[in-house]
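**Q** These protein sequences, in sequence, are chains A and V. 1 is the number of the first residue of the first sequence in our numbering; add one for each residue after it. 342 is the number of the first residue of the second sequence in our numbering; add one for each residue after it. We put the CB at the ideal spot given by N, CA and C, even for glycine. Just passing along the structure, written as structure tokens.
Number of protein chains: 2
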Amino acid sequence: MENSKVTIHDIAKALNIDSSTVSRALNNNSRVTQKTKNRVNEKANELGYQRNLLASSLRNNKSNTIGVIVPRISRHFFSSAIAGIEETAYEAGYNVIICQSLEQLSREQKIIQTLSENRVDGVLISISMETKDNHNLLILKKNGTPIVFFDRHLDIPGNSNVLIDDFQGGFDATEHLISQGCKCIAHFSGPQELEIYKNRFEGYKSALEKHNIELNENLIISSKLMESDGIESAKKLLSQPIPIDGIFSANDVAAIGAMQYLKGEGIKIPEDIAIVGFSNEPISSVIEPSLTTIDQPGFEMGKIAANLLLTQIKDKSGSTVAETIVLKPILIKRNSSKRLI
Amino acid sequence: MENSKVTIHDIAKALNIDSSTVSRALNNNSRVTQKTKNRVNEKANELGYQRNLLASSLRNNKSNTIGVIVPRISRHFFSSAIAGIEETAYEAGYNVIICQSLEQLSREQKIIQTLSENRVDGVLISISMETKDNHNLLILKKNGTPIVFFDRHLDIPGNSNVLIDDFQGGFDATEHLISQGCKCIAHFSGPQELEIYKNRFEGYKSALEKHNIELNENLIISSKLMESDGIESAKKLLSQPIPIDGIFSANDVAAIGAMQYLKGEGIKIPEDIAIVGFSNEPISSVIEPSLTTIDQPGFEMGKIAANLLLTQIKDKSGSTVAETIVLKPILIKRNSSKRLI
DNA sequence: AAAATAAATACAATCGATTGTATTTTTAAA
DNA sequence: TTTAAAAATACAATCGATTGTATTTATTTT
């Protein structure tokens, strides 16, 4: 219970050798003979030695830690992405610090400050809904900490991103509704400062255009896409004298809120109104009717993003070319949109 | 882009004073005059100085960081608990490192190792399903790092815990099923090494006993309580020639798996079989029929646990008495068990 | 066996911030 | 004005690990 802080100096003293030799022995340096290494390792075990990573990182100017910032860890997409990130990072010997901005710019700012103070080697971030520019990230930029965006990104030249094709996703979702006979399709969108929501919206518009359906501004409702926003948005739609027969929501959560409300109002889904979401939350396959949605491969995106980041970290010359990898979204057809057989 | 590493020495040099004065100025020490403090702060801003927490923690032998280990962050209960932990910790000026064991003992071990190497000031943990003793935690114990268990705990004398009354929860869930007319109630349990599952099981037994229902060992199915386990368990139950009319599952996830399977088999819930879960996952209120369950106040538990831990951290004398706080579970009655009106 | 080379280890500085002690400067008292 | 006391700042060691350089020891060559 007592040997709280065994250091290499304690090992050195016990073996009557120098601490530099101990350090090299522990790091398996060729300048130390195998015999000495064995003695050191034994003694280290015996004393319960544990490397002090603070000291090590300080000296090496490298923490072997990357920071991950997501809006909220409870979202399935983000926790999958984190799983992918962790797998890749751990394999490469990196630790991961997970942080959630809870969609607040101020929290995001504070997190970045802390990560920077802790000298993380790189940052993976999916920005909050309040984030409109890279102001927050300048701290990191300034001291040369690599950043890779995944999913919710900012369009910064020279920065790597891992995205899915939100335009295509929006297009596919909308065209699917059209293919099911919908003529009057509303869209729940998120903050337009976020590329992903802008692009999903663009996809929606493009699909309408292709099928000669006129865009009706009254059918576009922007919000933060929480469940309550979905309810509110659905309410707003019903209050208008427009015969809506389809909704494409830019995320599942809002879609589910809307579904619950509409069901409560006696509206039949998909017969009266067909609904398509975005993200493929686990809940979406369970709800009744099950929700048609666009799948985002979170785990895969996390792995790719972490790999991009690690490449940049390892390349101390900073000559790595920024890369933007765009994954294909996949439409998952379920019952909430099944109007034709 | 260039001033990657501004240190107090750079500030000192720029102002032609000593770095010790800079350090004290930045820390608002009374030994430095206000005028100097102002000059230092200005220059620090100008140069974009950022404290190196690695150096600071090393010198102070205090990282102002706590580690949190949970089985998986995607579970609603755990992400709520984390939210509570973060709120409390940040208020007290502590950073939080979130880690997930993914129910694997080996991962838990590695995480603890890393947290210890990073010299966290304390650890909050909800153990994995594979964890059967405190072996993993000895590293922390040895160097005197305080540990507080929340929810999934080990019974270690002298250790603080924040729990809910799992026995009561199990009892209430089971008695509720009995009150709805169930006579033959199965139980999905988790690993019996975990106190929580043992206690939920005990509650189940106690409720049966109170109502003079004989315990049938064939109705007790242990698993890791994943969704697939719920399906398997339901299958197993149906394969037996026993007229089951109720299931108390030790978590919602397995309950939902079972529900899906049973519905697929044409069994009516709750008419044929009533089901009660445990945890109150968000999905449980949305599924049809909505799932009766036991609510665990995750956010609150997180706050309490963090407070207990911070108290122990601040008390360097180590004289803080271990405390076990048990919260009351709340039965949330929904449709999956509504057989009588 | 002496000299030359290689191998193993010791010494000392460093990473950046902090803090006890010493020194200088300022202010107050005599 | 001189001296004592207080205030402000400088010096130097420290936290634990790492690493370039110097030194010692072992091995090889002649």
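What does DSSP give as the partner residues of residue 274 (chain A) in its beta bridges?
**A** Residue 274 (chain A) is bridged to A:246.
**Q** What's the call for residue 611 (chain V), buried or exposed, on a 16-neighbour Cβ count within 10 Å?
**A** It is buried - the Cβ of residue 611 (chain V) has at least 16 other Cβ atoms within 10 Å.
**Q** Run through chain A and tell me which residues come within less than 8 Å of residue 623 (chain V), C-beta to C-beta.
**A** By Cβ distance, chain A contributes 283.
**Q** Take every Cβ of the stretch 119-128 of chain A, pair it with every Cβ of the stretch 287-295 of chain A, and state whether three or more of those distances are shorter than 8 Å.
**A** no
**Q** Given the structure, does residue 349 (chain V) come close to the ligand COA, in the sense that its CB is under 7 Å from one of the ligand's heavy atoms?
**A** Ligands in the displayed structure: none, and consequently the ligand COA is not present.
**Q** Listed from N- to C-terminal order along the chain, which residues in the stretch 634-660 of chain V have their beta-carbon within a distance smaller than 9 Å of any beta-carbon of chain A?
**A** none
**Q** Taking its Cβ as the centre, do 16 or more other Cβ atoms sit within 10 Å of residue 340 (chain A), making it buried, or is it exposed?
**A** exposed
**Q** Can you list the residues of chain A that residue 489 (chain V) reaches, using a CB-CB cut of under 7 Å?
**A** Result: empty, since nearest Cβ-Cβ is about 18 Å, beyond 7 Å.
**Q** Where do the ends of the alpha helix (DSSP H) carrying residue 327 (chain A) lie?
**A** Looking at the DSSP string, residue 327 (chain A) is not in any alpha helix (DSSP H); the run it does join, the beta strand (DSSP E), is 324-327.
**Q** What does residue 100 (chain A) pair with, by DSSP beta-bridge criteria?
**A** A:70
**Q** Measure the CB-CB distance between residue 233 (chain A) and residue 220 (chain A) and report whether it falls below 8 Å.
**A** Going by beta carbons, residue 233 (chain A) and residue 220 (chain A) fall outside the 8 Å limit.
**Q** Please confirm whether residue 153 (chain A) has its beta-carbon closer than 8 Å to some beta-carbon of chain V.
**A** No, its Cβ sits nowhere closer than 8 Å to a Cβ of chain V.
**Q** For the structure I just gave you, are there three or more beta carbon pairs, one from the stretch 142-151 of chain A and one from the stretch 90-101 of chain A, closer than 8 Å?
**A** The way I'd put it, the stretch 142-151 of chain A doesn't touch the stretch 90-101 of chain A; fewer than three beta-carbon pairs between them come closer than 8 Å.
**Q** Got a sec: is the Cβ-Cβ distance from residue 117 (chain A) to anything in chain V below 8 Å?
**A** yes
**Q** With a threshold of 8 Å between beta-carbons, can residue 183 (chain A) be considered close to chain V, or not?
**A** no
**Q** Can you list the residues of chain A that residue 396 (chain V) reaches, using a CB-CB cut of under 7 Å?
**A** 58
**Q** Counting C-beta neighbours from all protein chains within 10 Å, is the total for residue 495 (chain V) 16 or more, i.e. buried, or is it exposed?
**A** buried
**Q** For residue 11 (chain A), which residues of its own chain have a beta-carbon under 7 Å away from its beta-carbon, when the five flanking residues on both sides are left out?
**A** 22, 40, 43, 44, 47, 49
**Q** How about residue 427 (chain V) and residue 471 (chain V): are their beta carbons less than 8 Å apart?
**A** no
**Q** Check residue 41 (chain A) in the structure and name its three-state DSSP category.
**A** Residue 41 (chain A) carries a helical assignment under DSSP once its states are collapsed to helix, strand and coil.
**Q** Note down, in chain order, every chain A residue with its Cβ under 7 Å from the Cβ of residue 389 (chain V).
**A** 142
**Q** Using three-state DSSP, classify residue 65 (chain A) as helix, strand or coil.
**A** strand
**Q** Tell me which same chain residues have a C-beta within less than 7 Å of the C-beta of residue 514 (chain V), skipping the five on either side of it?
**A** Once the five neighbours on either side are set aside, the close Cβ partners of residue 514 (chain V) are 589, 617, 619, 635, 672.
**Q** Buried or exposed for residue 558 (chain V), please, with buried defined as at least 16 other CB atoms from any protein chain shown within 10 angstroms of its CB.
**A** Residue environment for residue 558 (chain V): exposed (fewer than 16 other C-beta atoms within 10 angstroms of its C-beta).
**Q** Please tell me whether residue 399 (chain V) and residue 58 (chain A) are closer than 8 Å, where the distance is taken between their beta carbons.
**A** yes
**Q** Is it right to say residue 606 (chain V) is buried, meaning 16 or more other beta carbons lie within 10 angstroms of its own, or is it exposed?
**A** The C-beta of residue 606 (chain V) has fewer than 16 other C-beta atoms within 10 Å across all chains shown, which makes the residue exposed.
**Q** In three-state terms, what does DSSP make of residue 19 (chain A)?
**A** helix
**Q** For chain A, find out if any of its Cβ atoms is closer than 8 Å to the Cβ of residue 629 (chain V); answer yes or no.
**A** yes
**Q** Go ahead and label residue 656 (chain V) buried or exposed: buried means 16 or more other beta carbons lie within 10 angstroms of its beta carbon, across all protein chains shown.
**A** So residue 656 (chain V) ends up on the exposed side.
**Q** Just curious, the beta strand (DSSP E) that residue 527 (chain V) is in, first and last residue?
**A** It spans 526-530 - the beta strand (DSSP E) in which residue 527 (chain V) sits, taken as one unbroken run.
**Q** Under 7 Å Cβ-Cβ, which residues of chain V neighbour residue 79 (chain A)?
**A** 414, 415
**Q** Which residue comes first and which comes last in the beta strand (DSSP E) that contains residue 563 (chain V)?
**A** 561-563
**Q** Mind listing, in chain order, the continuous alpha helix (DSSP H) runs of no fewer than 4 residues lying wholly within the stretch 444-505 of chain V?
**A** 446-458, 479-483
**Q** Using a Cβ-Cβ cut-off of less than 8 Å, give me the residues of the stretch 588-618 of chain V that come near chain A, in sequence order.
**A** 597, 601
**Q** What residues in the stretch 94-112 of chain A have a beta carbon less than 7 Å from any beta carbon of chain V?
**A** Flagged, chain order: 95, 97, 98.
**Q** Rounded to whole angstroms, how far is the Cβ of residue 623 (chain V) from the Cβ of residue 283 (chain A), which I believe are closer than 8 Å?
**A** 7 Å
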